[in-house]
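Heads up, the sequence shown is in the numbering used here, so the first residue is 3 and it goes up one at a time.
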Amino acid sequence: MSTGRVIARATFVILLMGVLSKILGLGREMAIAHQFGATGATDAYLVAYTIPTLFMGVVGGAMAVMVVPVFAEYAARGERDEAWRLFSSVLNFMALVLVGLVLLGIAAAPFIVRALAPGFSGEVEAVAVRLVMIMLPSMLFLVLGNLTMGLLNANNVFGPPAFGPVAMNGGIILAALVLGRFYGIDGLAAGTVGGAALFILVQAPFLWRAGFRWRPVMQLKHPGAYKLLALIMPVMVMTGVAQGYILIERVLASGLPEGSIAALNYAQKLCLLPQGLFVMAMSTAIFPTLSRQVAEGKTADMAGTLMRGVRLVFFVAVPAGVLLMVLRLPVITLLFQRGAFDERAVSMTALALLFYSVGLAGQAVNPLLIRGFYALQDTGTPLKVTVATVLLNLLGAIFLITSMRHAGLALANSVSTLAGMAALIWLLKRRLPLAPEAFFRFCGGVIAASGLMAALVYTGDILLAKALGGGTFALAMRIMLDFLIGGAVYLAASFGLQVDELRYLWDTGKGWLRSLPPIVVIRK
């Protein structure tokens, strides 16, 4: 089977689960918006949830990526049992550390809230402190769940770990609609912890099938533990810097009018929906192939594989961002305007979405570019670029927040993200035969096709609004027709501009239809 087909099969499995996860993730945001709106209670919940998600992103995210090459190295030497012993030690150590951090965080909850949201009023601050105490245990489940996710991917099991977020989102939706109704925001917080527990529990049986057996060991001086630490530390620092800006953004937004944090959150979640549906699937599926090609000395092949992935992601992300810009108001109205989510919340969220959408291409492409550096065993360069990007983001936010308020935070994020994408491509060119000139010509074609699509969709949406009238069903039909028209125009324009990714997607799609892959594949 060709390299492209292997990546396509793995991507399809992850994408299938990702679609379901993102649909439920959107449903989660809709349920929270319906029950609590863009209010101080929602702001308090989001600030409290920042802590476990921060640890999941920093520690869990680094482990999920870097356990793959370490486990693969042991497996290649026929030492799978030793690999399982190593990761049993890692699991035990991480569980012990996380329990200690949870207890420490509960004791320090008031200080944490004052640091994260100094602009909160006394009442909102008290709610946030209580929610931090309730939700901190979810940090344990989320971080360990990411570790098991990496171990399953290392054993060619992609479906169950990708299903983990589906189970988690389902639990949070249930909590918002049921527990939230009877116990308010506290019920939502408790249900969020339950959803985090489901994240790891749905993976456990498949980890056992893959060969994992828990052992009461903690071999911290194991050579593999040192190697894993050397790999994940720069990634953790890089992710920590990026996640740390989220905290800074929350601090800056906490001094803005009430609901600003919630508006930024809803807009960013909606903007990142296209990325989650395709980009993360591609990044996860392509990483083992990139690493193998580098190990075999096939640098040119690795560069070709990487840029094919980047071009595909760019081909999808740019029109997605443009459509969100053009249709931001009807989309947010359809998804969120009900219950406590009023017209003011719609307006605030739509403004944030407009400026977040500007940087969607960078948000989508950067994870693939960073995986390219990881495959080259270079974690220092992405760290430097991330630090520079965050500093640029911070300076832009401080400069723009006075005149643009929460929209300035979104615009600063987009500009810095696109600058980071350009820097990563330029630095990769110094290591790989990337031919960036051809890539930028391709980008020009995609942008031109997206611009034509935007003009026709904008005009068509005005006509459809007049023809279909008001009402939820009419609005849903209008948006669906807008997306269908936009997709058709974009594909036709891409064909006319001879964008070759269109043919590649067509050929790959035919391959998927011929042979749909199983959800779970374990190869020993």
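Every residue, glycine too, gets a C-beta built ideally from N, C-alpha and C. What you are looking at is a predicted structure, and each value in this text was computed from that prediction instead of being measured.
Check                                                                                                                                                                                           : Outcome
How is V501 classed by DSSP in three states: helix, strand or coil?                                                                                                                             : coil
Buried or exposed for K526, going by 16 or more other Cβ atoms inside 10 Å?                                                                                                                     : Because K526 sits at a pLDDT of 41, beneath the cut-off of 50, its placement in the model cannot be relied upon, and the point is left open.
Report the residue from F343, A478, P384 whose alpha carbon sits nearest the alpha carbon of T41.                                                                                               : F343
Consult DSSP for V104 and reduce its assignment to one of helix, strand or coil.                                                                                                                : helix
Please work out which residues of its chain come closer than 6 Å, Cβ to Cβ, to A377, disregarding the five sequence neighbours upstream and downstream, and give them in chain order.           : L292, S293, V296
Contact defined as beta carbons within less than 8 Å: I believe I34 pairs with M141. What is the distance between those atoms, to the nearest angstrom?                                         : With 8 Å as the limit, I34 and M141 do not qualify as a contact, their Cβ atoms being about 20 Å apart.
Could you check whether the stretch 317 to 337 touches the stretch 379 to 386, counting it as contact only if at least three pairs of C-beta atoms, one from each stretch, sit closer than 8 Å? : no
Do V237 and V312 have their beta-carbon atoms positioned less than 8 Å apart in this structure?                                                                                                 : no
Please state if the CB of G242 and the CB of Q205 are separated by a distance shorter than 8 Å.                                                                                                 : no
Rounded to whole angstroms, what is the Cα-Cα separation between L105 and A244?                                                                                                                 : 25 Å
How many angstroms separate the CA atom of F122 from the CA atom of A46?                                                                                                                        : 9 Å
Where in the stretch 3 to 79 do unbroken runs of the alpha helix (DSSP H), each at least 4 residues long, occur, reported from the N-terminal end onward?                                       : 5 to 38, 42 to 57, 63 to 78
Considering only the alpha carbon of each residue, which of G226, L93, A10 lies closest to E81?                                                                                                 : G226
For A399 versus E251, is the C-beta spacing smaller than 8 Å?                                                                                                                                   : yes
Per DSSP, what kind of secondary structure is V159 in: helix, strand or coil?                                                                                                                   : strand
Pick from N148, A66, T44, A64: whose alpha carbon is nearest that of E127?                                                                                                                      : T44
DSSP state of L274, grouped into three classes?                                                                                                                                                 : coil
Given a cut-off of 8 Å on the beta-carbon distance, is the pair L222 and F89 in contact?                                                                                                        : no
DSSP state of L190, grouped into three classes?                                                                                                                                                 : helix
If I measure Cβ to Cβ from A302 and keep anything under 7 Å in the same chain, skipping five residues before and after, which residues do I get?                                                : P435
In three-state terms, what does DSSP make of D303?                                                                                                                                              : helix
Using 8 Å as the threshold, is the C-beta distance between I234 and G147 below it?                                                                                                              : no
Output needed for I524: all residues of its chain with C-beta closer than 7 Å, excluding positions within five of it in sequence on either side, in chain order.                                : Any reading at I524 needs caution, since the residue's pLDDT is 44, under 50, leaving its predicted position unreliable; the model's value is listed next. Cβ within range, chain order: N157, N158, V159, R211, A212.
How should M482 be labelled, buried or exposed, when 16 other C-beta atoms within 10 angstroms of its C-beta is the threshold for buried?                                                       : exposed
Our contact map puts L396 next to L249 with C-beta atoms below 8 Å; I'd like the distance itself, whole angstroms only.                                                                         : In fact, because the Cβ distance is near 11 Å, the residues do not count as touching under 8 Å.
Secondary structure at L420, three-state DSSP: helix, strand or coil?                                                                                                                           : helix
For P332, tell me which candidate among V69, Y492, L98, F485 has the shortest Cα-Cα distance.                                                                                                   : F485
Under the three-state reduction of DSSP, which class applies to A283: helix, strand or coil?                                                                                                    : helix
Is A363 near F316, with beta carbons less than 8 Å apart?                                                                                                                                       : yes
Whose CA, out of I403, L426, T404, L470, lies closest to the CA of T391?                                                                                                                        : L426
Pairing CB atoms from the stretch 185 to 202 with CB atoms from the stretch 169 to 176, are three or more of them under 8 Å?                                                                    : yes
If we cut at 8 Å on Cβ distances, does P162 have a partner in chain D?                                                                                                                          : Note that chain D does not occur in the displayed structure, where there is just one protein chain.
Would you call the CB atoms of G152 and M65 closer than 8 Å?                                                                                                                                    : yes
Per DSSP, what kind of secondary structure is H224 in: helix, strand or coil?                                                                                                                   : coil
Do you know how far the Cα of L56 is from the Cα of V134?                                                                                                                                       : 13 Å
When the Cα atoms are used, what is the spatial distance from A74 to G59?                                                                                                                       : 23 Å
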